[in-house]
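Read in our numbering, the sequence shown has 202 at position 79, and its numbers run on one by one without any break. From the three backbone atoms N, C-alpha and C, an ideal C-beta is built for every residue, glycine too. It should be emphasised that the depicted structure is a prediction, and the values quoted were computed from it without experimental measurement.
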Amino acid sequence: MLGLFKVKMAAVKFAQSLKELRIHLCQRSATSQGVRDFVEKYYVGVKQANPNSPILIRECSNIQPKIYARYELGREMSMPLGGLSGEQVLETIKTLSSKQT
Numbered sequence: 124m125l126g127l128f129k130v131k132m133a134a135v136k137f138a139q140s141l142k143e144l145r146i147h148l149c150q151r152s153a154t155s156q157g158v159r160d161f162v163e164k165y166y167v168g169v170k171q172a173n174p175n176s177p178i179l180i181r182e183c184s185n186i187q188p189k190i191y192a193r194y195e196l197g198r199e200m201s202m203p204l205g206g207l208s209g210e211q212v213l214e215t216i217k218t219l220s221s222k223q224t
């Protein structure tokens with residue numbers, strides 16, 4: 124039952140102007156722990172709510188976690204994710220996904 128709640132809670136519907144999300148994280152660093160938690164707890168729900176939108180997860184050693192959002196006409200925004208919890212990463216995605224650029 125708790126797993127179903129998490130999937131519903133993570134149901135973030137992207138604005139049509141958002142074309143792609145890219146999430147960069149380190150597999151081991153403490154600053155990327157919240158991003159790894161997001162992937163484990165919320166990624167499936169976000170992807171199910173946006174099946175046609177690319178959500179790319181890029182793992183790389185010794186990098187600072189960051190999210191990039193690509194919108195119509197090639198516009199991009201990025202936000203750092205270092206030190207955030209999984210829930211805060213989800214809130215960051217909600218913010219980026221609702222922007223109309």
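LYS136 is bridged by DSSP to nothing; it lacks a bridge partner. Contiguous alpha helix (DSSP H) elements confined to the stretch 178-206 do not occur, taking only those with 4 or more residues. In the assembly as shown, CYS149 is a buried residue. Its beta-carbon has 16 or more other beta-carbons within 10 Å. In this structure, LEU213 lies away from ILE178, with their beta-carbon atoms at least 9 Å apart. THR215 has its alpha-carbon roughly 11 Å from the corresponding atom of VAL135.
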